[in-house]
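Enquirer: Okay, handing you the structure first.
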Amino acid sequence: MINFPTTLDGLYINGQWSAGREHLRVINPATEALLTTVNGGDESAVNQAVAAATEAFKGWSKTTGAERAAILRNIANGVRNGREHLMKLQSSNNGKPQFEAGIDVDDVIATFEYYAELAEGLDAKLDSNVPLPSDDFSARLRREPCGVVGLIVPWNFPMVTTAWKLAPALAAGCSVVLEPSEVTPLPELELATIIAESGLPKGVFNLVCGTGLAVGAPLSADPRIAKVSFTGSNAVGVQVMQRAAETVKGVSLELGGKSSLLILEDADLDLAVELACGGGFFNAGQMCSATSRVLVADELADEFLIRLKARAEKIRVADPFDPEVEMGALVNQAQYQRVLGHIDRGLSAGAKLICGGNRPADLPRGYFLQPTIFTEVPLDSALWCEEIFGPVICVRSFASEAEAIALANDSQFGLVASVVTRNAETADRVANALQAGLVWLNAPQVIFPQTAWGGYKQSSIGRELGPWGLAAFQEIKHVIRAL
Ligand code: NAD
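First residue of the sequence shown: 72, per the numbering used here; consecutive thereafter.
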């Protein structure tokens with residue numbers, strides 16, 4: 072365990088650490104104990120941070136891609152060297168098991184290394200020739216950093232959601248003001264410490280811990296910010312977009328999901344059970360990509376449910392540092408109550424509880440919940456339609472491939488989907504028919520920096536990761552010359 076000081080500075084502005092006026096109580100969700108208090112900022116801290124980033128942009132935007140790549144690699148190495156400590160911070164502050172925290176840290180390293188590579192590649196194609204249907208003119212294309220950017224991230228994957236924005240923003244040559252979630256500042260503060268030692272010029276990266284209203288809202292509205300990249304809930308995403316609209320700044324939004332796992336009639340049932348548990352219970356289900364709708368072919372439904380229930384009841388819910396833990400705690404009391412409320416409303420709507428729904432008997436403290444499975448969930452109920460963001464799966468059977476696809480697509484969201492089938496042709500046909508930004512075929516929810524992240528409909532505006540993640544922080548300039 073880590074011994075935290077009573078208070079921590081929550082501001083890193085223009086290369087200096089300082090304490091702000093907002094006191095953020097940081098809780099260990101597995102014990103409900105206070106870990107520390109982070110002294111975060113408000114609008115005046117945002118003002119200072121944006122001013123520092125604006126000044127730093129002048130020099131940083133002129134650096135070469137190779138220079139930026141070297142710093143991104145220093146950050147990746149710093150994260151690698153601090154891996155164990157960062158894992159402990161994640162588990163202490165977020166409640167996720169150590170093995171999940173390790174996956175997160177490795178993802179952060181891979182993301183910074185990937186964007187280092189892309190940054191290096193930018194120098195050769197900074198100015199590229201554009202063929203024209205005329206001998207009288209020539210044209211070249213330049214990709215330039217879009218300016219000072221505001222990054223706002225949630226608590227469910229602290230550091231990962233940050234890396235997916237920060238690495239491409241720095242690679243592009245943007246300077247940054249980051250607002251981490253007030254719920255999980257500890258891993259983000261450590262990441263900021265690593266960044267502070269990476270050789271990045273002062274003012275290029277600024278961190279302002281604080282509440283959404285005190286920090287995220289003024290950041291979204293600041294006219295000096297060229298773009299806001301936000302990951303979080305739809306309700307807040309709409310507010311960010313509204314504030315950004317006042318000064319016509321660009322927005323990238325990564326929002327909620329209500330995704331499906333489709334188990335087709337020829338599926339390997341053991342694999343289907345593993346994927347259902349992974350998609351529903353990883354990170355205690357607090358994933359925008361949770362496959363909380365499990366759709367299973369009629370022929371397999373009874374046997375699948377028996378096996379799924381048996382597996383879910385065996386999942387070891389425990390302290391995140393327990394070596395045998397499979398599922399940790401939910402992040403805080405508010406989230407815990409929200410998920411319990413969804414379970415209650417589901418029961419009132421007539422859904423049938425197959426297992427779970429309560430606190431595990433051996434865990435009297437902490438925000439722990441049993442893996443929970445429902446069937447017979449009404450299609451118009453909140454349980455079926457809304458994002459639960461907890462370890463709750465709804466299972467429903469289907470009679471045909473067309474019905475399964477229609478059920479999966481019948482949502483305001485369209486983030487991801489998973490398909491289990493032994494037939495490669497069927498897998499591709501179904502994947503092509505699903506309205507989702509990422510479809511996994513017989514695969515767990517693996518994510519690579521090379522493939523895009525984001526979804527259809529109300530799940531996203533834009534894409535993160537891959538070259539698309541970099542393009543999101545670039546402006547396109549064409550220069551046309553008379554010959
Ligand atoms: P949230 O929307 O409550 O908060 C996200 C961030 O926004 C926090 O840093 C918060 O401080 C800030 N914020 C709050 N109010 C604000 C305001 N008025 N203006 C500007 N910023 C404000 O989300 P959360 O509860 O932290 O995270 C859970 C949500 O995030 C879920 O809906 C989940 O689906 C979504 N999420 C999406 C993805 C994705 O890639 N699509 C990934 C992770 C999480």
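In this text, a Cβ means the ideal position worked out from N, Cα and C, and glycines have one as well.
Every value quoted in this text rests on a predicted model; they were computed, and no experiment measured them.
What does a CB cutoff of less than 6 Å around G91 pick up in its chain, not counting 5 residues either side in sequence?
Expert: Same-chain partners within the cutoff: G81, L82, N110, G111, G112 and A116.
Enquirer: Just tell me which of S163, L157 and L105 has its CA closest to the CA of I180.
Expert: Comparing Cα positions, the closest option is L157.
Enquirer: If you follow the beta strand (DSSP E) that N99 is part of, which residue opens it and which one closes it?
Expert: Segment E93 to N99, the beta strand (DSSP E) holding N99.
Enquirer: Who are the Cβ neighbours of L335 in its own chain at under 6 Å, not counting the five residues just before and after it?
Expert: Result list for L335: A368 and T492, in chain order.
Enquirer: Which residue wins for smallest C-alpha separation from M72, given the options A187, N403, D415 and P391?
Expert: The candidate whose alpha carbon is nearest that of M72 is P391.
Enquirer: What span of residues does the alpha helix (DSSP H) with N305 cover, start to end?
Expert: N305 to A316 is the extent of the alpha helix (DSSP H) around N305.
Enquirer: Is the Cβ-Cβ distance between G218 and E250 less than 8 Å?
Expert: Not a contact, by the Cβ cut-off of 8 Å.
Enquirer: At a cut-off of 7 Å, would you count L222 as near the ligand NAD, judging by its Cβ distance to the nearest heavy atom?
Expert: Flag unset: Cβ of L222 not near the ligand NAD.
Enquirer: Out of L376, R214 and C359, point me to the one whose CA is closest to E347's CA.
Expert: Per the sequence shown, residue 347 should be read as Ala rather than Glu. The candidate whose alpha carbon is nearest that of A347 is L376.
Enquirer: DSSP three-state label for N227, please.
Expert: Three-state DSSP puts N227 in coil, outside helix and strand.
Enquirer: So K273 is in the alpha helix (DSSP H); what residue range does that whole segment cover?
Expert: Element bounds for K273: n/a, residue is neither H nor E.
Enquirer: Nearest-angstrom Cα distance between D373 and V176?
Expert: If you take the alpha carbons of D373 and V176, they lie about 39 Å apart.
Enquirer: Helix, strand or coil for Q404, going by three-state DSSP, please let me know.
Expert: In this structure, Q404 counts as helix in the three-state DSSP scheme.
Enquirer: Which term fits E184, buried or exposed, when burial requires 16 or more other beta carbons within 10 angstroms of its beta carbon?
Expert: E184 comes out buried.
Enquirer: Let me check understanding here. Comparing Cα to Cα, which of L260, D206 and A240 lies closest to V220?
Expert: Here the closest residue by C-alpha is A240.
Enquirer: Do N165 and T255 count as a contact pair if the criterion is CB distance below 8 Å?
Expert: Contact: yes.
Enquirer: On a CA-only basis, which of I464, D433, F439 and E114 is nearest E447? Give me that one, please.
Expert: Answer by Cα proximity: I464.
Enquirer: With burial defined as no fewer than 16 other Cβ atoms inside 10 Å of the residue's Cβ, what is the status of N74: buried or exposed?
Expert: Label assigned to N74: exposed.
Enquirer: If I follow the unbroken beta strand (DSSP E) through E384, where does it start and stop?
Expert: Not the beta strand (DSSP E): E384 falls in the alpha helix (DSSP H), residues D369 to K385.
Enquirer: Considering only their Cβ atoms, is the gap separating Q545 from A243 smaller than 8 Å?
Expert: It is a contact, given that the beta carbons lie within the stated cut-off.
Enquirer: Is I84 buried or exposed, if buried means 16 or more other CB atoms sit within 10 Å of its CB?
Expert: Burial call: buried.
Enquirer: Going by the CB atoms, is the gap between R467 and L478 shorter than 8 Å?
Expert: Yes, Cβ-Cβ distance for L478 and R467 is below 8 Å.
Enquirer: Since I believe S330 is in contact with V487 (beta carbons under 8 Å), could you give me their beta-carbon distance rounded to a whole number of angstroms?
Expert: Indeed they touch by this definition, with Cβ atoms about 5 Å apart.
Enquirer: E215: which of K548, A553, N99 and L554 sits nearest, CA to CA?
Expert: The candidate whose alpha carbon is nearest that of E215 is K548.
Enquirer: What's the gap between the Cα of N145 and the Cα of D499?
Expert: N145 and D499: Cα-Cα distance of roughly 40 Å.
Enquirer: Per DSSP, what kind of secondary structure is N145 in: helix, strand or coil?
Expert: Three-state DSSP puts N145 in a helix.
Enquirer: For the beta strand (DSSP E) that contains W524, what are its first and last residues?
Expert: Segment: none, W524 is in no beta strand (DSSP E) and carries neither H nor E.
Enquirer: First and last residue of the alpha helix (DSSP H) that includes I180?
Expert: Unbroken alpha helix (DSSP H) run through I180: Q169 to L193.
Enquirer: For the segment 103-135, list the alpha helix (DSSP H) runs that are entirely contained and at least 4 residues long, ordered along the chain.
Expert: As far as the segment 103-135 is concerned, its whole alpha helix (DSSP H) runs of at least 4 residues are 114-131.
Enquirer: Given 7 Å as the limit, tell me if Q516 has its C-beta closer than that to any heavy atom belonging to the ligand NAD.
Expert: False, no ligand heavy atom lies under 7 Å from that Cβ.
Enquirer: Got a sec, what are the start and stop residues for the beta strand (DSSP E) D198 sits in?
Expert: Unbroken beta strand (DSSP E) run through D198: D198 to N200.
Enquirer: Helix, strand or coil for F352? Go by DSSP, reduced to three states.
Expert: If DSSP states are grouped into helix, strand and coil, F352 belongs with the helices.
Enquirer: Leaving out five residues on either side along the sequence, give the residues of the same chain with a beta carbon under 8 Å from the beta carbon of E191.
Expert: Around E191: G136, A137 and A140.
Enquirer: Counting C-beta neighbours from all protein chains within 10 Å, is the total for K133 16 or more, i.e. buried, or is it exposed?
Expert: Label assigned to K133: exposed.
Enquirer: Return yes when the C-beta of V487 is under 7 Å from any heavy atom of the ligand NAD, and no when it is not.
Expert: No; taking the cut-off as 7 Å, the Cβ of V487 has no heavy atom of the ligand NAD nearer than that.
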